[in-house]
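Novice: The structure under discussion is supplied below as structure tokens; questions concerning it will follow.
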Amino acid sequence: MEASSRFLNTELIDRHKAGLNGQLVEKDKDNLFKSITENLVMNNATLVSHYYVDPLIQQITEETNGFIGDSLEMAKFGSNCQTENLIVCGVKFMAETAKILSPQKHIYVPTYESTCSLDLGCPAADLKIMKDKYPERILVVYANTSAEVKAMADWVVTSSIAKEIIEEIHLNDQKILWAPDKYLGSYLQKETGADMLLWDSACVVHEEFKASGLRDLKRLHPDAGILVHPESPSEVISMADAVGSTSHLIKASRDLDFNKFIVATDKSIFYKMAQLSPEKEFFEAPTGGSSSSCKSCAHCPWMGLNSLTNLDECVRTLANEINLNSDLIQQAKIPLDKMISFNV
Ligand code: SF4
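Numbering-wise, the numbering used here puts 246 at position 244 of the sequence shown, and it's gapless, one number per residue.
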């Protein structure tokens, strides 16, 4: 059987020690928390973090009255937040989205290196060729894409609202060109019956969840509920008690009538799940790799590049600003605004 891990609240502390923040002794952590807190105030800045970043970053985000959420919630929070500067702890497309929706604000990231396999797998020039080949199709792109890709889309969607928007397009008898996540696209196609032509790209984390390992783990814990992000392969999705965005899965972990959950998404989400349901147990869904062949450990390698140390540097010096040209912002804002208005 594939290796898997179980997490309770106390074990999350151990997990910190294994990650990028792992080398930190308690004193370093306290100093970094103090420095980040003071400099956020001094620099009129707010932290906006994704559920997949290191639990210590989620903790400092909460302690400084910042915001943790999925990509749609992060974008909405960014546009309403009052501070002049936003520090986005997540990956590049999230920071770009914040800039597009709030061009008057200064958006910074702890590291420029933090990107996403879906964004990398869908270069704007290649998508343009596909779009030109199928002019009759509505181009719907996932939020995990560059500003350039968003700028050529008819719709941008996040996983929390994708199904509703695809349903609406389908009801209008329109065909869809979908990019870039093939698993999410195929899930939406099955759920809605829409005519969707799918781009061939995947998330390196979710693609590695394996149904065979999940079945083995479920045999060990027959009373556990299964939570799956729809960027996972269809066989894994078919075993789920709840499928959806990170926010949806967090709510399901609180509300569903299970005391144990096997979770097929980035394991940093356990920070929030354990916070909401400290009495429940959470297990990582097994991934495809082990030892030298391991490709995924249920943690996004790019989310993992955000650390307390580079966050502190970013907040102190306001380094790594995201800049986009104003024409690009204007174009990319159109489909993003459509998504946000659809959601109200
Ligand atoms: S978890 Fe997957 S989809 Fe999310 S940022 Fe990482 S590579 Fe991209």
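Where is the CB? At the ideal position from N, CA and C, for every residue including glycine.
Just so we're clear, the structure is a prediction, and the values are computed from it rather than from any experiment.
(1) Classify Y110 as helix, strand or coil using the three-state DSSP reduction.
(2) With DSSP run on the structure shown, which of helix, strand or coil describes N1?
(3) State the beta-bridge partners of M198 as determined by DSSP.
(4) Apart from the five residues on each side of it in sequence, which residues of its chain come closer than 8 Å, Cβ to Cβ, to I331?
(5) Inspect the beta-carbon positions of K94 and T117 and report whether they are closer than 8 Å.
(6) Counting along the chain, where does the alpha helix (DSSP H) carrying E396 start and finish?
(7) What do you get for I168, buried or exposed, if any count of 16 or more other CB atoms within 10 angstroms of its CB means buried?
(8) Could you tell me if the beta carbon of S234 falls within a distance shorter than 7 Å of some heavy atom in the ligand SF4?
(9) Name the residue from H108, S162 and P235 whose alpha carbon lies nearest to the alpha carbon of I252.
(10) Exposed or buried, L222, counting other C-beta atoms within 10 Å across all chains shown (16 or more means buried)?
(11) Under the rule that 16 or more other beta-carbon atoms within 10 Å means buried, what is K184, buried or exposed?
(12) Leaving aside the five residues before and after W304 along the sequence, list all residues of the same chain whose C-beta is less than 7 Å from its C-beta, in chain order.
(13) Tell me which residues share the same chain as G123 and place their Cβ nearer than 6 Å to its Cβ, disregarding the 5 neighbours each side in the sequence.
(14) Output the boundary residues of the beta strand (DSSP E) element that contains C91.
(15) Classify F263: buried if its beta carbon has 16 or more other beta carbons within 10 angstroms, exposed otherwise.
(16) Could you give the distance in angstroms between the alpha-carbon of S270 and the alpha-carbon of P280?
(17) For E138, count neighbouring C-beta atoms within 10 Å of its own C-beta (all shown protein chains included) and say buried if the count is 16 or more, exposed if not.
(18) Does the beta carbon of N308 fall short of 7 Å from some heavy atom of the ligand SF4?
(19) For the beta strand (DSSP E) that contains G227, what are its first and last residues?
(20) Could you check what DSSP says for I140 in three-state terms: helix, strand or coil?
(21) Less than 8 Å separating the beta-carbons of V265 and L229?
(22) In chain order, what are the residue ranges of uninterrupted beta strand (DSSP E) at least 3 long that sit wholly in the region 238 to 289?
(23) T70 lies in the beta strand (DSSP E); which residues open and close that run?
(24) Give the DSSP bridge partners of W157, in chain order.
(25) For the putative contact between D121 and L141, defined by C-beta atoms under 8 Å, what is the C-beta separation to the nearest angstrom?
(26) From P57, I109, K340 and L190, pick the residue whose C-alpha is nearest to that of N308; which is it?
Specialist: Considering the structure as presented:
(1) In the sequence shown, residue 110 corresponds to position 108, counting from 1. If DSSP states are grouped into helix, strand and coil, Y110 belongs with the strands.
(2) Given that the chain is displayed from residue 3 to residue 346, the structure contains no residue 1 and the question cannot be resolved.
(3) Start at 1 with the first residue of the sequence shown, and residue 198 comes out as number 196. Its beta-bridge partners are I178.
(4) For the purposes of this step, residue 331 is taken as the residue at position 329 of the sequence shown. Hits under 8 Å: K101, I102, P105 and A149.
(5) For the purposes of this step, residue 94 is taken as the residue at position 92 of the sequence shown. For the purposes of this step, residue 117 is taken as the residue at position 115 of the sequence shown. Contact flag set, yes.
(6) Residue 396 lies beyond the range of the chain shown here (3 to 346); nothing can be said about it.
(7) As a position in the sequence shown, residue 168 is number 166, starting the count at 1. Buried.
(8) As a working note, residue 234 is residue 232 in the sequence shown. No, Cβ of S234 sits at least 7 Å from all heavy atoms of the ligand SF4.
(9) Position 250 of the sequence shown holds residue 252. Selected option, being the one with the closest Cα: S162.
(10) As a working note, residue 222 is residue 220 in the sequence shown. Classification of L222: exposed, given that the 10 Å Cβ count is below 16.
(11) Residue numbering aside, residue 184 sits at position 182 when the sequence shown is read from its first letter. Buried, since its Cβ has 16 or more Cβ neighbours within 10 Å.
(12) One-based indexing of the sequence shown puts residue 304 at position 302. Same-chain partners within the cutoff: V93, S116, T117 and C118.
(13) Numbered from 1 along the sequence shown, position 121 holds the residue referred to as residue 123. Same-chain partners within the cutoff: P182 and S203.
(14) The residue you call residue 91 lines up with position 89 of the sequence shown. Note, C91: beta strand (DSSP E), N87 to C91.
(15) Indexing the sequence shown from 1 puts residue 263 at position 261. F263 is buried by the Cβ-count criterion.
(16) On the sequence shown, position 268 is the one that residue 270 refers to. On the sequence shown, position 278 is the one that residue 280 refers to. Approximately 15 Å, taken between the alpha carbons.
(17) Indexing the sequence shown from 1 puts residue 138 at position 136. Exposed.
(18) Your numbering for residue 308 matches position 306 in the sequence shown. False, no ligand heavy atom lies under 7 Å from that Cβ.
(19) Translated into the one-based positions of the sequence shown, residue 227 becomes position 225. G227 to V230 is the span of the beta strand (DSSP E), which, as asked, contains G227.
(20) By one-based count along the sequence shown, residue 140 stands at place 138. Strand at I140.
(21) In the sequence shown, the residue the question calls residue 265 occupies position 263. In the sequence shown, the residue the question calls residue 229 occupies position 227. Yes, they are a contact pair.
(22) Complete beta strand (DSSP E) runs here, min 3: 262 to 266 and 283 to 286.
(23) The count along the sequence shown starts at 1 and reaches residue 70 at position 68. For the record, residue 70 in the displayed sequence is Ile; it is not Thr. It spans F69 to G71 - the beta strand (DSSP E) in which I70 sits, taken as one unbroken run.
(24) Indexing the sequence shown from 1 puts residue 157 at position 155. For W157, which the question treats as bridged, DSSP gives the partners V142.
(25) Counting from one through the sequence shown, the residue named residue 121 turns up at place 119. Counting from one through the sequence shown, the residue named residue 141 turns up at place 139. At roughly 16 Å, the Cβ-Cβ gap does not stay under 8 Å, so D121 and L141 are not in contact.
(26) Position 306 of the sequence shown, counted from the first residue, corresponds to residue 308. When C-alpha distances from N308 are compared across P57, I109, K340 and L190, the shortest belongs to P57.
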